[in-house]
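Single-structure report; data block below.
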Amino acid sequence: MSETNSVRLTGPGGIEAELPIHEGTLGPRVMDVRRLYAQTGMFTYDPGFTATASCRSSITYIDGDAGILLYRGYRIEELAEKSDFLETAYLILYGDLPNGAQRLKFIHDITYHTMLHEQVQFLFRGFRRDAHPMALMIAVVGALSAFYYEDLDVEDPHHRMVATYRMIAKMPTIAAWAYKYSIGQPFVYPRNDLGYAENFIHMMFATPCEEYRVDPVLAKALDRIFILHADHEQNASTSTVRLVGSTGASPYAAIAAGIASLWGPAHGGANEAVVLMLDEIGTVDRIPEFLARAKDRNDPFRLMGFGHRVYKNYDPRAAVLKQSADEVLATLGQKNNPKLQIAKELEKIALEDEYFRERKLFPNVDFYSGIILEAMGIPTKMFTAIFALARTVGWIAQWNEMMLDPEQKIGRPRQLYVGPKERPFVPLEQRP
Ligand code: CMC
C-alpha cells in the first residue's frame, strides 16, 4: 500500500481536513479517515460498511463490476479447473501455490489432524436430533476453544499455525458428524487414505455395516464447490471473524462466530433458501408470480441466490457452478432435473427483466450450488454447513493476516447517537 497524495475537505463553520489517499495493487483507492475526528470533530457514517475498507489484505480481490474474483492473484475459474481444494487452501494461507514437496507435506499435516477429541461426541449427544447442523457447528467449533485453551497463545506464530491446521482438518469431521447425529447413525471416523472431499463424503454416507466407495465424480464436484467457497474478502462472516479475533480471543471462538454470521439467509444460508424457493415455485409457469413478488416492495420475498453487495455483474463462481451443475447432473443421470430447469428459466427471465437489470442483480454463488449438492444426495440442511467447512480456510487465513498486521487494532466502530440527551432520574411515584 502506498500513500500517493491526499484529499482536502472543506465545509461549513471552517471545517478543514487533509486526508491521505492510499493506493492498493488493484481496485479503488481509499481515503484514510483515521485523522478525520482529530481534524474536524466528525466521524464517518456508513451503515452496513458499504464504503469502508476495514483492513488491508493481500488474500482475495473482487472486481464486482467486471465479475472477477482472484485468490492471491489467480482467477477463480482457473483454480476451479486446474487446482484442488487443499492446494488452493495452501495458496490462500501462504500466498503462493505449493511445490510438490510442500503440497504433499500440507496434505499429510491436514490429514493427520482430522480426528476429533473423543469427548466431543458427547457435545453432539446433548442436542436434539432435529437440531440444525449450523447450530451444532457453532457449538462444537466454539467448544474447541475449551479443548485447546491452555496450550494456545495467539501471539505465538507456531500456535497460530497449529490452530489453523486443526480448524481446516476437523471441520469436515464436525460437519459430517452433525449430519450423522441428525439421522441417528453412528459417527464415522476420518480415514487417512482418502482425499479431503472424499473423506467428507465417506464420513457423511458410510456406515460400519458395509464397505462404502466414494464416487470420484462426486468427490471432484464437491472439491470444486469447496474451492469456490474458500474465501471472499471482507464479507459479513469474515469481518465477524476478524472483529472477534481483534480482541485477542481464541480463533476457535472467532470461527464459531463466523459460522453464526454465515448462517443468515442474506449470506451463506441462501444456498439452502434457493432450493426451498425452487421447491416452492415447483413449475416453470409459476416463475412470473415469484418474480412479481420479488419486485414488490411490500412483500419481503427476495429472489434467493440473486444479487450481491459487491458483484454488479455475473458472479464468476455462479458461472462455474452453472457449468458444473450440467456436468454433474448429466453424470448422475439427472439431465432433466426439474430444479435445474426452473433455475435456468428463472435466471433467463430475471436477467431480461427491467427491475433486475436496473439494479444489476445477477445469480450469485448460492444459486446453483444447492442444486448440485442436492443431486449428490446431500440434505438441504447441510448446504450452509458445507459452505462453512470450505470458508474456514478463508476465515483462518484472514485471522492470521490480521494477527500479523502492525496496524491491527481492536475492532470498534463509532455511532451517530440519536437517543435522549442527559436527563435527571425520575422517581417511581413521579412517573406517568
Ligand atoms: N431479489 C429482489 N430484489 C433484490 C434482491 C433479490 N434477491 N437483492 C437486492 N434486491 C433489490 C433491493 O430490494 C434493492 O432495491 P431498491 O433499490 O428498489 O430498494 C436493491 O436491489 C439493492 O439491494 P440491497 O438490499 O440494498 O443490496 P445489498 O448489497 O444490501 O444486499 C444481498 C445484497 C446479497 C443481501 C441481497 O442482494 C439479497 O438479499 N439477496 C438474496 C440473498 C442471497 O442470495 N444471498 C447470498 C449472497 S452471495 C453469498 C454470500 O454472501 O454468502
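Taking my numbering, the leading residue of the sequence shown gets 342, the next gets one more, and so forth.
Even for Gly, the Cβ is constructed at its ideal location relative to N, Cα and C.
All values reported here derive from a predicted model rather than from experimental measurement.
query	result
Local Cβ density within 10 Å of residue 759, reported as buried at 16 or more and exposed below that	exposed
Cross-strand partners of residue 346 (DSSP beta bridge)	362
Inter-residue Cα distance where the pair is residue 578 and residue 398	16 Å
Length of the line joining the Cα atoms of residue 537 and residue 564	8 Å
Rounded C-alpha distance that separates residue 660 from residue 427	22 Å
Euclidean distance between Cα positions of residue 385 and residue 374	8 Å
C-beta atoms of residue 368 and residue 402 nearer than 9 Å	yes
Rounded C-alpha distance that separates residue 560 from residue 535	10 Å
Alpha carbon of residue 483 to alpha carbon of residue 518, nearest angstrom	16 Å
First and last residue of the uninterrupted beta strand (DSSP E) at residue 530	Premise fails: residue 530 is in no beta strand (DSSP E) and is neither H nor E.
Span of the beta strand (DSSP E) around residue 431	Counting along the chain, residue 431 falls outside any beta strand (DSSP E), though it belongs to the alpha helix (DSSP H) covering 426-435.
Member of 742, 631, 458 and 728 whose CA lies at the smallest distance from the CA of residue 611	728
Residue 393 burial status per 10 Å Cβ neighbour count (16 or more: buried)	exposed
Simplified DSSP state of residue 374, which is helix, strand or coil	coil
Any 3 or more C-beta pairs closer than 8 Å across the segment 632-646 and the segment 519-531	no
Under 9 Å between C-beta atoms of residue 731 and residue 400	no
C-beta atoms of residue 434 and residue 505 nearer than 9 Å	yes
Chain B within 9 Å of residue 419, Cβ atoms only	Looking at the structure shown, chain B is missing, and only one protein chain is on hand.
Delimiting residues of the alpha helix (DSSP H) encompassing residue 417	417-423
Separation of residue 370 from residue 616, as counted between CA atoms	39 Å
With 16 other Cβ atoms within 10 Å as the buried cut-off, status of residue 347	exposed
Buried or exposed (CB count within 10 angstroms, at least 16 for buried), residue 766	exposed
Contact test: residue 346 Cβ vs ligand 1 heavy atom, cutoff 8 Å	no
Residue 696 Cβ short of 8 Å to ligand 1 heavy atom set	yes
Cβ distance (whole Å) where residue 572 is taken to contact residue 706 below 8 Å	Actually they do not touch by this definition, with Cβ atoms about 12 Å apart.
Sub-9 Å separation of residue 481 and residue 461 beta-carbons	yes
Exposure of residue 521, with buried meaning 16 or more beta-carbon neighbours within 10 Å	buried
Alpha-carbon to alpha-carbon, residue 607 and residue 698	20 Å
The segment 544-561 contacting the segment 469-477, beta-carbon criterion three pairs below 8 Å	no
Alpha-carbon to alpha-carbon, residue 703 and residue 629	17 Å
Contact belief for residue 662 with residue 569 at Cβ below 8 Å, rounded distance in angstroms	7 Å
When 422, 425 and 609 are compared against residue 722, the one with the closest alpha-carbon	609
Environment of residue 762 [buried if 16+ CB atoms lie within 10 Å]	exposed
Exposure label - residue 516; buried when at least 16 CB within 10 Å	buried
Span separating the alpha-carbon of residue 509 from that of residue 448	11 Å
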